[in-house]
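S.K.: So the sequences go chain by chain: Z and V. Take the first sequence: its position 173, counted from the start at 1, is 172 in numbering that gives the first Met the number 0, and no numbers get skipped. Take the second sequence: its position 119, counted from the start at 1, is 118 in numbering that gives the first Met the number 0, and no numbers get skipped. Here a beta-carbon is modelled for each residue, glycine too, at the ideal position from N, C-alpha and C. Keep in mind the model is a prediction, meaning the values are calculated, not measured. This is the structure, below, for whatever I ask next.
There are 2 protein chains.
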Amino acid sequence: MKKAVVLLSGGLDSSTCTAVAKKEGYEIYAISFDYHQRHKIELKSAKAIADFYGAKKHIFIETNMDAIGGSALTDGNITVPEGDANRSFNDVPDTYVPARNLIFLSYALAYAEAIEAEAVFIGINSVDYSGYPDCRPEFIEKFRELADVATKISAVDKKKIKIETPLLNLSKKEIVLSATELGVPLELTHSCYVGGEKACGVCDSCKLRLKGFAEAGIKDPVPYA
Amino acid sequence: MKKAVVLLSGGLDSSTCTAVAKKEGYEIYAISFDYHQRHKIELKSAKAIADFYGAKKHIFIETNMDAIGGSALTDGNITVPEGDANRSFNDVPDTYVPARNLIFLSYALAYAEAIEAEAVFIGINSVDYSGYPDCRPEFIEKFRELADVATKISAVDKKKIKIETPLLNLSKKEIVLSATELGVPLELTHSCYVGGEKACGVCDSCKLRLKGFAEAGIKDPVPYA
Numbered sequence: 000m001k002k003a004v005v006l007l008s009g010g011l012d013s014s015t016c017t018a019v020a021k022k023e024g025y026e027i028y029a030i031s032f033d034y035h036q037r038h039k040i041e042l043k044s045a046k047a048i049a050d051f052y053g054a055k056k057h058i059f060i061e062t063n064m065d066a067i068g069g070s071a072l073t074d075g076n077i078t079v080p081e082g083d084a085n086r087s088f089n090d091v092p093d094t095y096v097p098a099r100n101l102i103f104l105s106y107a108l109a110y111a112e113a114i115e116a117e118a119v120f121i122g123i124n125s126v127d128y129s130g131y132p133d134c135r136p137e138f139i140e141k142f143r144e145l146a147d148v149a150t151k152i153s154a155v156d157k158k159k160i161k162i163e164t165p166l167l168n169l170s171k172k173e174i175v176l177s178a179t180e181l182g183v184p185l186e187l188t189h190s191c192y193v194g195g196e197k198a199c200g201v202c203d204s205c206k207l208r209l210k211g212f213a214e215a216g217i218k219d220p221v222p223y224a
Numbered sequence: 000m001k002k003a004v005v006l007l008s009g010g011l012d013s014s015t016c017t018a019v020a021k022k023e024g025y026e027i028y029a030i031s032f033d034y035h036q037r038h039k040i041e042l043k044s045a046k047a048i049a050d051f052y053g054a055k056k057h058i059f060i061e062t063n064m065d066a067i068g069g070s071a072l073t074d075g076n077i078t079v080p081e082g083d084a085n086r087s088f089n090d091v092p093d094t095y096v097p098a099r100n101l102i103f104l105s106y107a108l109a110y111a112e113a114i115e116a117e118a119v120f121i122g123i124n125s126v127d128y129s130g131y132p133d134c135r136p137e138f139i140e141k142f143r144e145l146a147d148v149a150t151k152i153s154a155v156d157k158k159k160i161k162i163e164t165p166l167l168n169l170s171k172k173e174i175v176l177s178a179t180e181l182g183v184p185l186e187l188t189h190s191c192y193v194g195g196e197k198a199c200g201v202c203d204s205c206k207l208r209l210k211g212f213a214e215a216g217i218k219d220p221v222p223y224a
């Protein structure tokens, strides 16, 4: 059975991405990160989603990315700003974590190499846009080129590990519709940056999520404060 | 004063690389990794070298890369193989850690972005060759291209973070000579993979190091078992 490493935060996007990988016939190897994010609660959702999709294995990488600083998500002294669901490209919010997707993809590639997976799935999207530079198509394109020379499996064995981004060009509305169609257990997901049991409803992540559900005409099953 | 993030393992190469950055007028921000490597003892050397060069800051990233597996350096069940100082390109040894340099460079780039550093220094070299695909020039070239679109500082502010590899084309002999000329406190460095107080003298890393010292006609000041 072909294997895929899936980057799984437990949010709407990565959960939908897991469903896509599963539907495409991959055996799921999930990878999640405790990077000392304030919304560490998302990892409970990640576990629930990995379990739901019968992940063959689910590894948790723990890393003190707060030592690097520079982000409201890892520095308790920076307040999570109120969200803006229509962010322009040059408006990168304080919740941006320097090079986070690059770091996460690098681990995922390492894991894919170690278990001889064919693909890495990441649920980034650039339509209803987080404002993060490492969610854009040009970033992924360059990462693909790099992946092709970065590992033993690619450099020596000439096997490529595919970097799959099934949500890249979907709007949040389309992601919600797709998740619903695929039967993603949306009630298990967690997207809010603040990290309470109930979603705050006002951070960037909540606003984008609520916009997607509203435009899809579907009620978000997670509780809001 | 211009800032550089220096990837510092405490070995011969990264210590020499630190000396080069210092000589070029950079203020040193060192970054070291406890990735559950068997030779964690190298971090004592990293600290000593950072102190020696008056690093403005030295951060330690802790991360359970052993969860990924696939390497003799992070898996206690895989023996560190005897070294071969004349390794061919397709002979990647068991000490290869999947995507390690990619992961380390990604953190270094994140740190450089967070502190607004101009450059990242990494002491990789591809002449007396470790056999690791992520030590080759083509890997670094692709990483540079990726770095230019991966971060806020590059994508939005159009400022590039330089990825400096001053040792890339040096032989181990040349590195030893350069280290000696620069006054690197070689007695403080640690290169051995096995991780004892004394270097084993037979692993890949020891063999390459000893070859370099022998060819340079200089006595290695660290104790061997």
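So with Cβ pairs under 8 Å, would you call Z:I227 a contact of chain V?
M.R.: Residue 227 of chain Z cannot be examined here, being either before or after the span of chain Z that is shown, 0 to 224.
S.K.: Using the Cα positions of Z:D65 and Z:D74, report the straight-line distance between them to the nearest angstrom.
M.R.: For the purposes of this step, residue 65 of chain Z is identified with residue 66 of the first sequence, where counting begins at 1. For the purposes of this step, residue 74 of chain Z is identified with residue 75 of the first sequence, where counting begins at 1. Looking at the two C-alpha atoms, the distance is approximately 6 Å.
S.K.: Terminal residues of the continuous alpha helix (DSSP H) containing V:G12?
M.R.: Reading the second sequence from its first residue, position 13 is the one you call residue 12 of chain V. Reading the sequence as shown, one finds Asp at residue 12 of chain V and not Gly. It spans 11-22 - the alpha helix (DSSP H) in which V:D12 sits, taken as one unbroken run.
S.K.: Below 8 Å on the Cβ atoms is my guess for Z:I27 versus Z:A54; work out the distance and round it to an integer in Å.
M.R.: By 1-based counting over the first sequence, the position of residue 27 of chain Z is 28. By 1-based counting over the first sequence, the position of residue 54 of chain Z is 55. Between Z:A54 and Z:I27 the Cβ distance is about 4 Å, and since that is below 8 Å, they are a contact.
S.K.: Buried or exposed, going by whether 16 or more other CB atoms sit within 10 Å of the CB of V:Y223?
M.R.: If you number the second sequence from 1, residue 223 of chain V lands on position 224. It counts as exposed.
S.K.: Measuring alpha carbon to alpha carbon, tell me which residue in Z:T188, Z:N124, Z:I60, Z:S70 is nearest V:I102.
M.R.: Residue numbering aside, residue 102 of chain V sits at position 103 when the second sequence is read from its first letter. Of the candidates Z:T188, Z:N124, Z:I60, Z:S70, the one whose C-alpha sits nearest the C-alpha of V:I102 is Z:I60.
S.K.: Using C-beta distances below 8 Å, list every residue in its chain close to V:H38, excluding the 5 sequence neighbours before and after it, in chain order.
M.R.: Here residue 38 of chain V refers to the residue found at position 39 of the second sequence. So the qualifying residues of the chain are L72, H189, C191, Y192, V193, G194.
S.K.: Taking all protein chains shown into account, decide if Z:K21 is buried (16 or more other Cβ within 10 angstroms of its Cβ) or exposed.
M.R.: The residue given as residue 21 of chain Z occupies position 22 in the first sequence. With 16 or more Cβ atoms within 10 Å of its Cβ, Z:K21 is classed as buried.
S.K.: I'd like to know whether the C-beta of V:P80 is nearer than 8 Å to at least one C-beta of chain Z.
M.R.: Taking the second sequence and counting its residues from 1, one reaches residue 80 of chain V at position 81. Judged by the 8 Å Cβ criterion, V:P80 is not in contact with chain Z.
S.K.: Examine chain Z for any beta-carbon lying closer than 8 Å to the beta-carbon of V:T164, and answer yes or no.
M.R.: The residue labelled residue 164 of chain V in the question sits at position 165 within the second sequence. False, the Cβ-Cβ gap to chain Z never drops below 8 Å.
S.K.: Name the two residues that bound the continuous alpha helix (DSSP H) containing V:I27.
M.R.: For the purposes of this step, residue 27 of chain V is taken as residue 28 along the second sequence, with counting starting at 1. Per DSSP, V:I27 belongs to no alpha helix (DSSP H); it is in the beta strand (DSSP E), 26-33.
S.K.: Give the straight-line distance between the Cα atoms of Z:V221 and Z:G211, rounded to the nearest whole angstrom.
M.R.: Position 222 of the first sequence, counted from the first residue, corresponds to residue 221 of chain Z. Position 212 of the first sequence, counted from the first residue, corresponds to residue 211 of chain Z. One C-alpha to the other measures close to 14 Å.
S.K.: Is the distance from the Cβ of Z:A215 to the Cβ of Z:V175 below 8 Å?
M.R.: Here residue 215 of chain Z refers to the residue found at position 216 of the first sequence. Here residue 175 of chain Z refers to the residue found at position 176 of the first sequence. Yes. Within cutoff.
S.K.: By the three-class DSSP mapping on this structure, what secondary structure does V:A54 have?
M.R.: As a first step, residue 54 of chain V is located in the second sequence; it is residue number 55 there, counting from the start. V:A54 falls in the coil class under three-state DSSP.
S.K.: How many Å lie between V:P92 and V:G130 at the Cα?
M.R.: Position 93 of the second sequence, counting from 1, holds the residue named residue 92 of chain V. Position 131 of the second sequence, counting from 1, holds the residue named residue 130 of chain V. If I take the Cα positions, the gap works out to 7 Å.
S.K.: Taking the continuous beta strand (DSSP E) assigned at Z:A118, which residues delimit it?
M.R.: As a working mapping, residue 118 of chain Z is identified with position 119 in the first sequence. Unbroken beta strand (DSSP E) run through Z:A118: 118-120.
S.K.: Just reading off the beta strand (DSSP E) that V:L6 is part of, what are its end residues?
M.R.: For this step, residue 6 of chain V is matched to residue 7 along the second sequence. Note, V:L6: beta strand (DSSP E), 2-6.
S.K.: Please state the DSSP three-state secondary structure of Z:I152.
M.R.: Reading the first sequence from its first residue, position 153 is the one you call residue 152 of chain Z. Three-state result, Z:I152: helix.
S.K.: Could you tell me whether the stretch 44-54 of chain V touches the stretch 196-208 of chain V, where touching means 3 or more Cβ pairs closer than 8 Å?
M.R.: Result no; under three Cβ-Cβ pairs closer than 8 Å.
S.K.: Can V:K158 and V:A118 be called in contact, C-beta distance under 8 Å?
M.R.: As a first step, residue 158 of chain V is located in the second sequence; it is residue number 159 there, counting from the start. As a first step, residue 118 of chain V is located in the second sequence; it is residue number 119 there, counting from the start. Not closer than 8 Å, so no.
S.K.: Is Z:C199 helix, strand or coil when you go by DSSP?
M.R.: Along the first sequence, read from residue 1 onward, the residue named residue 199 of chain Z stands at position 200. Correct three-state label for Z:C199: coil.
S.K.: How should Z:E112 be labelled, buried or exposed, when 16 other C-beta atoms within 10 angstroms of its C-beta is the threshold for buried?
M.R.: By one-based count along the first sequence, residue 112 of chain Z stands at place 113. Buried, by the Cβ-count rule.
S.K.: Could you tell me the distance, in whole angstroms, from the CA atom of Z:I48 to the CA atom of V:A198?
M.R.: Along the first sequence, read from residue 1 onward, the residue named residue 48 of chain Z stands at position 49. Along the second sequence, read from residue 1 onward, the residue named residue 198 of chain V stands at position 199. C-alpha separation (whole angstroms): 46 Å.
S.K.: Apply the 10 Å Cβ neighbour rule to V:G182 and answer buried if 16 or more other Cβ atoms are within range, or exposed otherwise.
M.R.: Reading the second sequence from its first residue, position 183 is the one you call residue 182 of chain V. The residue in question, V:G182, is exposed, as its Cβ has fewer than 16 Cβ neighbours within 10 Å.
S.K.: Specify, as a first and last residue, the run of the alpha helix (DSSP H) that V:K171 falls within.
M.R.: Locating residue 171 of chain V in the second sequence gives position 172, where the first residue counts as 1. Element bounds for V:K171: 171-181.
S.K.: Could you give the C-beta distance for Z:K12 and Z:N168, rounded to a whole number, given that I count them as a contact under 8 Å?
M.R.: Position 13 of the first sequence holds residue 12 of chain Z. Position 169 of the first sequence holds residue 168 of chain Z. The sequence given here has Asp at residue 12 of chain Z, not Lys. No, Z:D12 and Z:N168 are not in contact; Cβ-Cβ is about 13 Å, not under 8 Å.
S.K.: Under a CB-based cut-off of 8 Å, is V:I60 close to chain Z?
M.R.: Here the question's residue 60 of chain V lines up with position 61 in the second sequence. Yes, because at least one Cβ of chain Z sits closer than 8 Å to the Cβ of V:I60.
S.K.: Can you tell me the Cα-Cα spacing of Z:P136 and Z:G122, whole angstroms?
M.R.: Numbered from 1 along the first sequence, position 137 holds the residue referred to as residue 136 of chain Z. Numbered from 1 along the first sequence, position 123 holds the residue referred to as residue 122 of chain Z. Rounded to whole angstroms, Z:P136 to Z:G122 spans 12 Å at the Cα level.
S.K.: Could you check whether the Cβ of Z:I123 sits closer than 8 Å to any Cβ belonging to chain C?
M.R.: You won't find chain C in this structure, because its protein chains are Z and V.
S.K.: So with CB distances below 7 Å, who are the chain Z contacts of V:D133?
M.R.: Here residue 133 of chain V refers to the residue found at position 134 when the second sequence is read from its first residue. Ordered by position in chain Z, the residues that pass the 7 Å Cβ test against V:D133 are A149.
S.K.: Would you tell me roughly how many angstroms separate the C-alpha atoms of V:V201 and V:L185, rounded to the nearest one?
M.R.: Within the second sequence, residue 201 of chain V is the residue found at index 202, counting from 1. Within the second sequence, residue 185 of chain V is the residue found at index 186, counting from 1. Those two C-alpha atoms are separated by around 19 Å.
S.K.: In angstroms, rounded to a whole number, what distance separates the CA positions of V:D33 and V:T62?
M.R.: To locate residue 33 of chain V, count along the second sequence from 1; it is residue 34. To locate residue 62 of chain V, count along the second sequence from 1; it is residue 63. Their Cα atoms are separated by approximately 6 Å.
S.K.: Please list the partners that V:K141 has in chain Z, where partner means a Cβ-to-Cβ separation under 7 Å.
M.R.: As a working mapping, residue 141 of chain V is identified with position 142 in the second sequence. Within chain Z, the residues near V:K141 are E144, L145, V148.
S.K.: Taking only the alpha-carbon atoms, compute the straight-line gap between Z:K56 and Z:F138 and give it to the nearest angstrom.
M.R.: The residue given as residue 56 of chain Z occupies position 57 in the first sequence. The residue given as residue 138 of chain Z occupies position 139 in the first sequence. In a straight line, the C-alpha of Z:K56 is about 28 Å away from that of Z:F138.
S.K.: If you measure beta-carbon to beta-carbon, which residues of the stretch 95-107 of chain Z are closer than 7 Å to chain V?
M.R.: Listed in sequence order: Y95, P97, A98, L101, I102, S105, Y106.
S.K.: Just list the residues that DSSP pairs V:I60 with in beta bridges.
M.R.: Residue numbering aside, residue 60 of chain V sits at position 61 when the second sequence is read from its first letter. In the DSSP output, where bridge partners are listed per residue, V:I60 has V:F32.
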